[in-house]
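Everything below concerns the one structure shown next.
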Amino acid sequence: MSKADIGSAAILANIRRMVEVVPYRCHFKIHRMHRLKVPLSWSIEDNRRNEDLHLLYVIGGRGTYWLDGHEEPLRAGKLIFVSNGFAHSAELDPADPPVIIPIRFGLYEHGAARLHKLYEAPFAFACVPEPRSAYRQRFERLYEDYARADMEGLEQLCSAGIHAILIHLLNWRLNQKADRMDPRVIGMKQALDRSPERRTSLREWAERTGLSSKQVSRLFVQYFGMTPKQYHIRTLIKHAQFLLEETALTVSEIAEQLGYPDPYSFSKQYKQVTGVSPAAHRRATDPAPKSADAAPRPPL
Numbered sequence: 020m021s022k023a024d025i026g027s028a029a030i031l032a033n034i035r036r037m038v039e040v041v042p043y044r045c046h047f048k049i050h051r052m053h054r055l056k057v058p059l060s061w062s063i064e065d066n067r068r069n070e071d072l073h074l075l076y077v078i079g080g081r082g083t084y085w086l087d088g089h090e091e092p093l094r095a096g097k098l099i100f101v102s103n104g105f106a107h108s109a110e111l112d113p114a115d116p117p118v119i120i121p122i123r124f125g126l127y128e129h130g131a132a133r134l135h136k137l138y139e140a141p142f143a144f145a146c147v148p149e150p151r152s153a154y155r156q157r158f159e160r161l162y163e164d165y166a167r168a169d170m171e172g173l174e175q176l177c178s179a180g181i182h183a184i185l186i187h188l189l190n191w192r193l194n195q196k197a198d199r200m201d202p203r204v205i206g207m208k209q210a211l212d213r214s215p216e217r218r219t220s221l222r223e224w225a226e227r228t229g230l231s232s233k234q235v236s237r238l239f240v241q242y243f244g245m246t247p248k249q250y251h252i253r254t255l256i257k258h259a260q261f262l263l264e265e266t267a268l269t270v271s272e273i274a275e276q277l278g279y280p281d282p283y284s285f286s287k288q289y290k291q292v293t294g295v296s297p298a299a300h301r302r303a304t305d306p307a308p309k310s311a312d313a314a315p316r317p318p319l
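The sequence shown begins at 20 in the working numbering and counts up one residue at a time.
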């Protein structure tokens, strides 16, 4: 089990994995959500392990959460995330019971059963993200939407609400870390973002930055929660998604533009990352040609 600061590489990587599979491959589904001042009888028994994911935001009051034995005071602005299978418990301060917005939810693959294993081990984190007013508004708005049972597209709206909260958390923590990052490694990431089609080895990055290959890899994982190779693949696939959705390039042409040796290698890696083939992604997102003058083109 992992209970760590949200800024740890492992925690950031786990959040990123959840964020990246939504909405293309998966969606979030709320099982239960409340906004309440907890009753005096409220508590969570020792070492509870839920089957679903749990987000909790504290509006006011006082209490205590234990994440695998680590104590976390419940105070206004505190946000807690607990994955499925992680041991936790809680109790209130009877003199000032906490006011909370708890959400229990799952991550589902489209048309399939819930996904439980996007991460190697159960994990949890607690933080006080800033600005507090913005996070409170996000949770309050999500609860207002969830409570409207008659709303069209409610499930999609709630999935987007959880997705947005996790994305803001991820970027809030990354921005906090940026001031302490080695500018040479930041420049390396920016180069990967600008030109994902360029294939640069770890040894070449080491020569460019003046660091050893081991230092480059260690710092990159520390900052971004994944190796340079994993980040490069992620960037390639994101750019491929853009080309599939916004251009009439064939899969073969996209593979060539992104530096793959052949369309098969590109399609194989694309499916490994996204769960669908490039051709299936294009059909699902926009089967029509990109301009009135362009005739439909086959994927390959």
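Yeah, the Cβ is synthetic: ideal placement off N, Cα and C, and Gly gets one too.
Note down the Cα distance separating residue i from residue j, rounded to an integer number of angstroms.
i: PRO308; j: VAL41; result: With a pLDDT of 48 at PRO308, under the threshold of 50, the modelled position of this residue cannot be trusted; read the value that follows with caution. One C-alpha to the other measures close to 25 Å.
i: ALA132; j: GLU174; result: 16 Å
i: PRO318; j: SER271; result: Caution applies to PRO318, whose pLDDT of 42 falls short of 50 and renders its modelled position unreliable; the value that the coordinates give is listed next. Looking at the two C-alpha atoms, the distance is approximately 8 Å.
i: LEU238; j: ILE30; result: 16 Å
i: LEU74; j: GLY229; result: 42 Å
i: VAL235; j: THR219; result: 13 Å
i: LEU134; j: ASN103; result: 10 Å
i: LEU262; j: ILE273; result: 7 Å
i: SER152; j: ARG160; result: 12 Å
i: HIS182; j: PRO280; result: 35 Å
i: ALA109; j: TRP61; result: 9 Å
i: GLU216; j: ASP71; result: 39 Å
What is the residue span of the beta strand (DSSP E) that residue i lies within?
i: THR83; result: 82–86
i: ALA109; result: 107–111
i: GLU64; result: 62–67
i: GLU171; result: It is not in any beta strand (DSSP E) - GLU171 carries neither H nor E in the DSSP assignment.
Counting C-beta neighbours from all protein chains within 10 Å, is the total for residue i 16 or more, i.e. buried, or is it exposed?
i: VAL77; result: buried
i: GLY244; result: buried
i: SER286; result: buried
i: VAL101; result: buried
i: MET207; result: buried
i: TYR283; result: exposed
i: ARG301; result: buried
i: MET52; result: buried
i: ARG192; result: buried
i: PRO141; result: buried
i: PRO148; result: buried
i: GLU91; result: buried
i: PRO58; result: exposed
i: ASP248; result: For the record, residue 248 in the displayed sequence is Lys; it is not Asp. Exposed.
Measuring alpha carbon to alpha carbon, tell me which of the options ends up nearest residue i.
i: ARG155; options: GLY130, VAL118 and TYR138; result: VAL118
i: GLY11; options: LEU277, TYR279 and CYS45; result: The question about residue 11 has no answer, for the chain in this structure spans 20 to 319.
i: THR293; options: THR254, LEU268 and GLU265; result: THR254
i: GLU139; options: GLN291, ARG36 and GLN288; result: ARG36
i: MET200; options: TYR242, TRP61 and GLY88; result: TYR242
i: GLY88; options: PHE144, GLU226 and GLU216; result: PHE144
i: ALA106; options: TYR84, ALA114 and LYS97; result: TYR84
In this structure, what does DSSP give as the bridge partners for residue i?
i: LEU14; result: Nothing about residue 14 can be reported from this structure: the residues present for the chain run from 20 to 319 only.
i: GLY79; result: VAL118
i: VAL57; result: VAL57 pairs with nothing; no bridge assigned.
i: VAL101; result: HIS73 and ALA143
i: HIS50; result: BP columns for HIS50 are empty, so no partner.
i: CYS45; result: GLU128
Over the uninterrupted alpha helix (DSSP H) stretch that includes residue i, give me the two end residues.
i: ARG253; result: 247–265
i: LEU134; result: It is not in any alpha helix (DSSP H) - LEU134 carries neither H nor E in the DSSP assignment.
For residue i, is the beta carbon positioned less than 7 Å from some heavy atom of the ligand MG?
i: VAL101; result: Looking at this structure, you won't find the ligand MG or any other ligand, since it has none at all.
Does chain D have any CB closer than 8 Å to the CB of residue i?
i: GLU110; result: No chain D is present in this structure, which holds just one protein chain.
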